[in-house]
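Colleague: This structure is in structure tokens; I'll ask about it shortly.
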Amino acid sequence: MTSKLIKIYFFTVLLLSDFVLFAQDDEDPGNGFDDGGTVEDPIVPINTQMIWLLLMGIAFAFYYFRKLQLKK
């Protein structure tokens with residue numbers, strides 16, 4: 014039971030860490046010319062189409078584990 018909880022915790026951390034790493038604040042970064050002349054990249058929102066990627070990943074995992082159980 015404990016190893017199952019550790020696996021779930023590890024999977025959750027890996028899944029959610031991606032959103033934390035690429036999160037951007039609401040402040041306007043400016044044009045970058047004030048501090049040396051480098052142009053900064055504009056803020057890019059997290060695409061709303063990622064829900065489809067998540068659903069396809071869940072469907073693939075369900076298919077894979079179902080196939081693995083039927084093989085036993």
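Quick note on the numbering used here: the sequence shown kicks off at 14 and runs consecutively. Ideal Cβ placement from N, Cα and C applies to all residues, glycine included.
Give the straight-line distance between the Cα atoms of Leu67 and Gln82, rounded to the nearest whole angstrom.
Modeller: 23 Å
Colleague: Can you tell me where the alpha helix (DSSP H) holding Lys85 begins and where it ends?
Modeller: Per DSSP, Lys85 belongs to no alpha helix (DSSP H) and is neither H nor E.
Colleague: Please state the DSSP three-state secondary structure of Met63.
Modeller: Residue state for Met63 is assigned as helix, using DSSP reduced to three classes.
Colleague: In this structure, does DSSP put Met69 in helix, strand or coil?
Modeller: helix
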